[in-house]
Amino acid sequence: MSMQQRVIQHENLLKFLGEIISSGKQLYAPQKKAEKTYFLPASDVHSIVFDYIQTAESPKELLFPKTERMLSYEQVDGKLKMIDHAEGEIFPERVLFGSHPCDAVALKTLTDFFRHDVPDAFTQKRQDSLTVISVSCIKADDNCFCTSVGTSPGDTEGSDILLTPIGNAKYYVEVMTEKGQSLFAAHEKYFENSDIISKDKYLTKMSEVFSSSEVTARLSKAFDHPIWSDASLRCLGCGACAYVCPVCSCFDIQDEGTDKKGDRLRCWDSCGFSLFTLHTSGHNPRKNQSDRWRQRVMHKFSYMPERYELLGCVGCGRCSRACPADMNIKEQLKEITEKIEG
Amino acid sequence: MQALHQKAKELLESGKVQVIIGYGDGSGDRVRPVFISKAESASDLIWDDRCRQNLAVYLNKPEIKKLGVPAIVATPVVVKTIIQLISENQLKSSNIVVLVVDNDVVSELTDNASLEAYSAGHPVVFPPFVVKEIKDIAEMSIQQRNKYWQDELSRCFKCYACRAACPLCYCERCLTDNNQPQWVCVASHAQGNFEWHINRAMHLAGRCVECGSCTIACPVGIPIGLLTIEASRIVKQEFGQEPGLHCDADSAMSSFKVEDTETFIK
Amino acid sequence: MSSSNIYKPYLMQIEKVIDEAPGVKTFRLRFTNDADKEQFNFTTGQFGEYSVFGEGESTFCIASSPTRKDYIECTFRQAGRVTSALAQKEEGDVIGFRGPYGNIFPLEEWYGKNLLFIAGGIALPPLRSVIWNVLDLRDKFNDVTILYGARSVADLVYKQELDEWGKRSDVKLVTTVDPGGETPDWKGKVGFVPSVLDWMEPSSENTIAIVCGPPVMIKFTFPELLKLGFTPDTIFTTLENRMKCGVGKCGRCNVGKVYVCKDGPVFTYKQLQELPAEY
Ligand code: SF4
Ligand code: SF4
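Protein chains in written order, with our numbering: chain A, 1 to 342; chain B, 1 to 266; chain C, 1 to 279.
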């Protein structure tokens, strides 16, 4: 249930976003770069694009940057000193605008995952200082499948404010959280009162192609199924799927610098790489590409639900769009429900 | 496509090959690599101008090798790639059947000579936008060029799709994955990205067959192939050597001759 | 680790370096910060991330016993980038340590039982922690038997401790080296661990077997133990999947849905049988 409902005109939305920038917050919004759309820092609201289906990269960088400097170290007077960037660093106030509901759910999943059991301060602090203004989907493409993984084109989950385009350059506004409320309150003049309206007729129609709980159930018996090697013959073993995915969060820890001074970094990594699990001895528990493709699917649809009660996929379709060999996750998941016995 | 289906069927039925590496129906309007082992599936093969991914990348994959002797549906640049791979001792023409399609006539190239003849008659033609990109960059000052690449490479997140899609990036252990010593920073920050791509371009200098697969593969739209294309052009200019033309060619960047005028290597 | 940064290591000073075998060293590490030392606790079976600043982190077990307070010891073989850098470190140098991570050997459940330790090569360190733990609480356990094998006499680690255990009347120690690995004055057995085990014929009655070693040794030792009447739930081992974070986040060490860093590294053979072959 939303805390507030309003309506905002497109031109007022631009003014609202403009004020966010001038208030000193960092605004990340969809912008075009070489034919593709990305969430980039915006300095001018007129560079923001509205008519995209999906950005090439997900917004996960805002919680889980591709390179996170976790600590620095330095030898001072013969003594090693550590600088803890989780403590010291000020995480800037940021507003993400234009994420679709799937991405907002993904940001929540990431936060929940990193918070689980041993809480990770970096993701948490980045999440605390991030306000998410999402926009519901009025169009989608063949790669999208949000309704099959428990979310939908107008889902409010994970968004602090959700805007739904309702035609005539207007958006229906749902303020969902305290964070959303305080951002809204600071710029209330741009919003008009509204009754609660049903968004459904404005949203894109997205039919369910498979049931994710069905996928999870089938996977529990599918480890040695031939489906993995059949499907992964064309897989090239790159990390494109993992890196565009808003939920994928595997990482590597790397030092950069000398023994006297340097940084310890957390860098994105991918289960698709053959080196990911390679032991120094040369032994590799996931030696074939099919083992690695299976891991990607299993992790998202079996291990994550079982361990954390989280689903590792929000149906954004980015991995399918990005794959140079046309691996298609939606197709694979559908096939799992068709070919693997329940 | 009729002729291609027929040929594929014959090859599989006769047992001459066990698998056809070709293009088939993919997601939406995409085509995707397919590996056809059954004669009755030969009609799944597709041949049209969407067929751009360089399939030669699969020839040396262990998973594909297990399928048996392959025939590969080859665009002109794939033929070039195969020649280059032969010259680098990665492949033997006697172990594969190369299928080329011209005006719905399918020919089998089964030896070095026929591969070379085909390649000589089918120079690689860049799409107009690539020609423009090359020209634009050539006209930039050094500073502009530096800024251009800084900007483009800032999006790189080191997914290595460019390397994975490249049929000539076949090293078992890529230098960027080596950590003793760590030649290239693992992180994908500005320095790490530059180190990675400059090294890759250097390793492909005189070897890049200009198929563009790396650029097509890049999920963040970096025209990364321009670097390797340029590196190959420089080698051609300086040493008169062009990759993918001769099966017995050596490589300008990795062969040493006693009569070389440069002495640094000694 | 008072900080919320779960990746921040303790700074540890190398108090002592012991050359165990070619390429294998033991470090005794002391906390440089007293507060860290006070609040640090671990249980046998656990592991940590050891780091050389500028080179990175490497995962291995804590090889000392939790009954010996104030310090921890680790034993490693120089192999990758980090262990090679570690091997260069000298007494007095400072390295990083994060941990302890992972589950434990259920020692309390073993009170009153016979314990049979079987180790091969560089895999003695995880057992050494348990062995000392057990010996420090000796009266809580019944018979203690240790079978330890290495490729050659030079490859045996903890030579001094082997001597010490050999001299104790409350420990039965059998050492062995692979055929060809013996020296003229070698007094132990010659033969592979599984065949020496066969020869020893230990009773499985009221006994727990704790096995650590290279994959081939494990592969042939488990069937041998079953033959001797051990049930899979009385055989314990540790897994060593590749890890980076140690805290269930980096996504590397899972064997199916089991995360070695959280659910392991200690497993019973019974648990392993239920896992997919991904280790
Ligand atoms: S797995 Fe693919 S479809 Fe699912 S959230 Fe990740 S990128 Fe999107
Ligand atoms: S494909 Fe693109 S993003 Fe991936 S490593 Fe290559 S240049 Fe970087």
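Just so it is clear, CB atoms sit at the ideal spot from N, CA and C, and this is done for glycine as well.
* Asked: So who's on the other strand from N179(B), going by DSSP bridges?
  -> Partner(s): Q182(B).
* Asked: Just the Cα atoms here: how many angstroms apart are P285(A) and F239(B)?
  -> 45 Å
* To do: Just tell me which of I336(A), S198(A), T131(A), C316(A) has its CA closest to the CA of Q181(A).
  => T131(A)
* **Closer than 7 Å at the beta carbon, the chain A residues around H189(B)** => T67
* **Neighbourhood of V17(C) by C-beta distance below 7 Å, restricted to the same chain and skipping five residues each side** => K25, F27, E90, E91
* Length of the line joining the Cα atoms of S159(A) and P41(A) -> Rounded to whole angstroms, the gap between the alpha carbons of S159(A) and P41(A) is 19 Å.
* Asked: Going by the C-beta, is C267(A) closer than 7 Å to any heavy atom of ligand 1?
  -> no
* Asked: For a contact meaning CB atoms closer than 8 Å, what does R151(C) contact in chain B?
  -> Within 8 Å Cβ-Cβ: nothing; R151(C) doesn't reach chain B, min ~24 Å.
* Give a single yes or no on whether I229(B) has its beta carbon closer than 7 Å to a heavy atom of ligand 2. => no
* **Alpha-carbon spacing of A231(B) relative to A201(B), whole angstroms** => 6 Å
* K334(A) CB to nearest heavy atom of ligand 1 below 7 Å -> Taking 7 Å as the cut-off, the C-beta of K334(A) does not count as close to any heavy atom of ligand 1.
* So, using beta-carbon positions, are Q54(A) and G317(A) closer together than 8 Å? -> Taking 8 Å as the Cβ cut-off, Q54(A) and G317(A) qualify as a contacting pair.
* Cα-Cα separation between V258(B) and C169(B), rounded to whole angstroms -> 28 Å
* In this structure, does DSSP put D155(C) in helix, strand or coil? -> helix
* To do: Indicate whether at least one CB of chain A lies closer than 8 Å to the CB of S41(B).
  => no
* To do: Can you give me, in chain order, the residues of the stretch 67 to 82 of chain C that have a beta carbon less than 8 Å from any beta carbon in chain B?
  => G80, R81
* Asked: Any C-beta of chain E sitting closer than 8 Å to the C-beta of G121(C)?
  -> Chain labels in this structure do not include chain E; the protein chains are A, B and C.
* To do: Please report the residue range of the beta strand (DSSP E) in which K140(C) lies.
  => K140(C): not part of any beta strand (DSSP E); DSSP gives it neither H nor E.
* Could you tell me whether any non-hydrogen atom of ligand 2 is closer than 7 Å to the CB of I137(B)? => Closer than 7 Å to some heavy atom of ligand 2: that does not describe the Cβ of I137(B).
* Candidates A249(B), N95(B), I82(B): which alpha carbon is nearest G68(B)'s? -> N95(B)
* Please confirm if S58(C) has its CB atom under 8 Å from at least one CB of chain B. => So, not an interface residue.
* Roughly how many angstroms separate the alpha carbons of F192(C) and P265(C), rounded to a whole number? -> 25 Å
* **Nearest-angstrom Cβ-Cβ length linking K125(A) and A86(A), presumed shorter than 8 Å** => 7 Å
* Any chance the CB of P246(A) is under 7 Å from a heavy atom of ligand 1? -> yes
* Asked: Got a sec: is the Cβ-Cβ distance from N95(B) to anything in chain C below 8 Å?
  -> no
* Asked: From what residue to what residue does the alpha helix (DSSP H) around D200(C) run?
  -> Reading the sequence as shown, one finds Met at residue 200(C) and not Asp. Element bounds for M200(C): 193 to 200.
* Exposure of Q2(B), with buried meaning 16 or more beta-carbon neighbours within 10 Å -> exposed
* Return the CA-CA distance between I46(B) and L55(B), expressed in angstroms with no decimal places. => Pairing I46(B) with L55(B), the inter-Cα distance amounts to about 13 Å.
* Asked: Three-state secondary structure (DSSP) at V69(B)?
  -> coil
* In whole angstroms, what is the alpha-carbon distance linking G112(C) and F64(A)? -> 50 Å
* Asked: To the nearest whole angstrom, what separates the beta carbons of C271(A) and G246(C), a pair I think is in contact under 8 Å?
  -> Wrong, their Cβ atoms sit about 18 Å apart, outside the cutoff.
* **Inside the stretch 154 to 227 of chain A only - beta strand (DSSP E) runs reaching at least 3 residues** => Contiguous beta strand (DSSP E) elements confined to the stretch 154 to 227 of chain A occur at 161 to 165, 170 to 175, taking only those with 3 or more residues.
* Report the three-state DSSP secondary structure of K135(B) (helix, strand or coil). => Here K135(B) sits in helix by DSSP.
* Integer Cβ distance of I62(C) from G80(C), believed to fall under 8 Å -> The pair is not a contact, with the Cβ atoms about 19 Å apart (cut-off 8 Å).
* **Inter-stretch contact (C-beta, 8 Å, three-pair minimum) for the stretch 50 to 69 of chain C and the stretch 121 to 136 of chain C** => yes
* Asked: By how many angstroms is the C-alpha of G248(C) removed from the C-alpha of A119(C)?
  -> 27 Å
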